[in-house]
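The numbering used here puts the sequence shown at residues 196 to 434. Every residue, glycine too, gets a C-beta built ideally from N, C-alpha and C. Take a look at the structure set out below.
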Amino acid sequence: MRVLDSHTGPMVITHLLVDCRDAMGANAVNTMAEAVAPRLETITGGRVYLRIISNLAIYRKTKATAVWPAEFLGGEEIVDGIIEAFAFACADPFRVATHNKGIMNGIDPVVIATGNDWRAIEAGAHTYSHWKEGHASFTEWEKTSEGNLKGTIEIPMAIGLVGGATATHPTAKTCVKILDVKIPGGAAELSQVICAVGLCQNLGALRALASEGIQRGHMGLHARNLAVQVVQKEKKLTL
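In structure tokens, the structure reads:
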């Protein structure tokens with residue numbers, strides 16, 4: 196329970212901590228919040244207003260860590276460049292916005308493919324980074340004593356395998372099957388997979404920035420997209 200000052204006056208905030216197991220839990224938590232509201236009104240003599248889940252799921256954080264040999268990345272210079280890029284993100288809110296957005300470029304597709312709520316994950320991750328340190332990086336990068344690169348990511352990950360589209364949508368069910376995550380306990384494993392993808396996505400972006408620059412890859416994708424458009428137009432003209 197917390198007491199907050201707001202521009203309309205003091206507010207008493209009551210938290211329900213719910214172990215959702217393999218469910219994302221929004222419906223369960225919202226139902227519980229509405230169920231206990233009358234009891235809280237009786238106890239306090241006040242009125243309960245908002246009864247809804249928070250997407251800042253600080254008790255459902257997921258962490259992934261990996262170490263890459265320096266020679267695998269292209270040498271010590273690349274390792275140092277990645278750490279410098281990370282330091283830039285830590286120091287500048289303009290940079291960390293794009294740094295974290297790039298991480299979500301990897302996370303969101305897996306969340307969407309498995310039928311989960313990517314907007315909830317985005318909201319929780321960005322709010323957590325601000326709540327933790329004030330626009331902090333989702334990832335941390337450091338050089339090990341052996342000169343290799345160690346990366347870590349830790350963010351809230353309210354992922355579910357029970358209920359919602361995950362259990363009913365054919366594509367989502369297929370993606371979950373490919374990932375081989377099963378109930379019970381599969382939601383936690385899926386969260387770990389998603390975080391690992393985010394960490395690898397960040398590594399790829401920082402490695403590009405520390406070497407040839409991000410536009411080499413981006414312009415290659417752009418060129419392929421233009422080529423596809425040209426081919427499609429030619430087919431339409433032929434028809």
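**Asked** If you run the structure through DSSP and keep just helix, strand and coil, what is T339?
**Response** For the purposes of this step, residue 339 is identified with residue 144 of the sequence shown, where counting begins at 1. DSSP places T339 in coil when its eight states are reduced to three.
**Item:** Those residues which DSSP pairs with A218 across a bridge
**Value:** Stepping through the sequence shown from its first residue, residue 218 is reached at position 23. In the DSSP output, where bridge partners are listed per residue, A218 has V357.
**Message:** I need the straight-line Cα distance from E271 to L211, nearest angstrom please.
**Reply:** Numbered from its first residue, the sequence shown carries residue 271 at position 76. Numbered from its first residue, the sequence shown carries residue 211 at position 16. One C-alpha to the other measures close to 48 Å.
**Message:** I'd like the list of long-range same chain contacts for C395, defined as Cβ closer than 7 Å, with 5 residues on each side in sequence excluded.
**Reply:** Sequence index remark: in the sequence shown, residue 395 carries index 200 (1-based). Excluding residues within five positions, the ones whose Cβ falls inside 7 Å are G301.
**Extent of the continuous alpha helix (DSSP H) to which S435 belongs** = For residue 435 there is no data in the structure shown, the boundaries of the chain being 196 and 434.
**Prompt:** Nearest to P304 by alpha carbon, out of V388, C215 and V198?
**Reply:** Position 109 of the sequence shown, counting from 1, holds the residue named residue 304. Residue V388 is the option with its Cα nearest to P304.
**Message:** Please identify the residue among I373, K327 and A308 whose C-alpha is closest to the C-alpha of G159.
**Reply:** As shown, the chain starts at 196 and ends at 434. That puts residue 159 outside it, with no answer to give.
**Prompt:** Does the stretch 367-378 come close enough to the stretch 321-339 to have 3 or more Cβ pairs within less than 8 Å?
**Reply:** no
**Request:** May I have the straight-line CA-CA distance separating S324 from G346, to the nearest angstrom?
**Result:** Sequence index remark: in the sequence shown, residue 324 carries index 129 (1-based). Sequence index remark: in the sequence shown, residue 346 carries index 151 (1-based). About 17 Å.
**Asked** Distance, Cα to Cα, F283 vs V243?
**Response** Locating residue 283 in the sequence shown gives position 88, where the first residue counts as 1. Locating residue 243 in the sequence shown gives position 48, where the first residue counts as 1. Roughly 44 Å between the two C-alpha positions.
**Item:** Sequence-distant residues of the same chain with beta carbon closer than 7 Å to A286, five excluded per side
**Value:** Locating residue 286 in the sequence shown gives position 91, where the first residue counts as 1. Same-chain partners within the cutoff: there are none.
**H330 versus I378: straight-line alpha-carbon distance, rounded** = What you label residue 330 is simply residue 135 of the sequence shown in a count that begins at 1. What you label residue 378 is simply residue 183 of the sequence shown in a count that begins at 1. Taking the straight line joining both Cα atoms gives about 35 Å.
**Prompt:** Just the Cα atoms here: how many angstroms apart are G342 and A320?
**Reply:** Position 147 of the sequence shown, counted from the first residue, corresponds to residue 342. Position 125 of the sequence shown, counted from the first residue, corresponds to residue 320. G342 and A320 have their C-alpha atoms roughly 30 Å apart.
**Prompt:** So, are the CB atoms of T257 and C390 less than 8 Å apart?
**Reply:** Against the sequence shown, residue 257 aligns to sequence position 62. Against the sequence shown, residue 390 aligns to sequence position 195. Yes. Within cutoff.
**Anticipated Cβ contact below 8 Å, G355 with N397, distance rounded** = Translated into the one-based positions of the sequence shown, residue 355 becomes position 160. Translated into the one-based positions of the sequence shown, residue 397 becomes position 202. That pair is no contact at about 24 Å.
**Message:** Quick check: what's the CA-CA separation for P205 versus V392?
**Reply:** Locating residue 205 in the sequence shown gives position 10, where the first residue counts as 1. Locating residue 392 in the sequence shown gives position 197, where the first residue counts as 1. Answer to the nearest angstrom: the Cα atoms are 42 Å apart.
**Message:** Based on DSSP bridge pairs, tell me the residues matched to P205.
**Reply:** Numbered from its first residue, the sequence shown carries residue 205 at position 10. DSSP, once it has assigned bridges, lists D200 as partnering P205.
**Request:** Could you tell me which of V306, R402 and A265 sits nearest to I277, measuring between CA atoms?
**Result:** For this step, residue 277 is matched to residue 82 along the sequence shown. When each option's Cα is compared against that of I277, the closest is R402.
**Prompt:** Helix or strand or just coil, what does DSSP make of A259?
**Reply:** As a first step, residue 259 must be located in the sequence shown, where it is residue number 64. Note: A259 maps to strand in three-state DSSP.
**Message:** Just to confirm my understanding: we take M227, look at its own chain, exclude 5 residues before and 5 after, and list those with CB closer than 7 Å. What are they?
**Reply:** Against the sequence shown, residue 227 aligns to sequence position 32. Excluding sequence neighbours, M227 sits near L211 and V213.
**Asked** Among A318, A405 and L385, which residue has its Cα nearest to the Cα of I253?
**Response** The sequence position of residue 253 within the sequence shown is 58, counting from 1. The shortest C-alpha separation from I253 is found at A318.
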